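*Asks:* Residues 5 to 83 in the working numbering are what the sequence shown lists, from first letter to last.
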Amino acid sequence: TELLRAVFHLTEELERRGDFAALPASDVGHLAGDVDRVYDRLIGEWLAYMEYLQRNYPYLFSLAMRSNPFDETASPIVR
C-alpha cells in the first residue's frame, strides 16, 4: 500500500542519517515532507478502521474515540 511505501521510505531515510541535530534546514525540510506523507496516509487508514469498529464493534469504537491519538485531551475515562 501507499502507507507502507511511505513508512519504508521514511525508515530508510532516517536510518541513513547520523546526527539529526547537525542536519541542514534543507534536509530537515525533506524529512518533514516524508513524515507528512506518512501521516497523511495513516490518517486515512485510521479513519477507515474507526468506521469498521463503529459498525462492527461499538464497544471497541467507544474506547478508540476516548483514547483518540489525534486529541491531546483524550482520556479513556468514561465521562
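Built from N, CA and C at the ideal position, the CB exists for glycine as well.
Everything numeric in this text was worked out from a predicted model, so none of it was measured.
Can you tell which of 39, 22, 28, 34 has the C-alpha that lies nearest to the C-alpha of residue 87?
*Replies:* The requested residue 87 does not occur in the structure, where the chain is confined to residues 5 to 83.
*Asks:* Cutting at 7 angstroms between CB atoms, please list the residues of its own chain near residue 46, excluding the five before and the five after it.
*Replies:* 7, listed in sequence order.
*Asks:* Pull up the distance between the alpha-carbon of residue 77 and that of residue 68, whole angstroms please.
*Replies:* So the two alpha carbons sit approximately 13 angstroms from each other.
*Asks:* Tell me whether residue 41 sits in a helix, a strand or coil according to DSSP, three-state version.
*Replies:* Helix, per DSSP.
*Asks:* Output the boundary residues of the alpha helix (DSSP H) element that contains residue 82.
*Replies:* Per DSSP, residue 82 belongs to no alpha helix (DSSP H) and is neither H nor E.
*Asks:* To the nearest angstrom, report how far apart residue 73 and residue 26 are at their CA atoms.
*Replies:* Cα-Cα distance, rounded: 30 angstroms.
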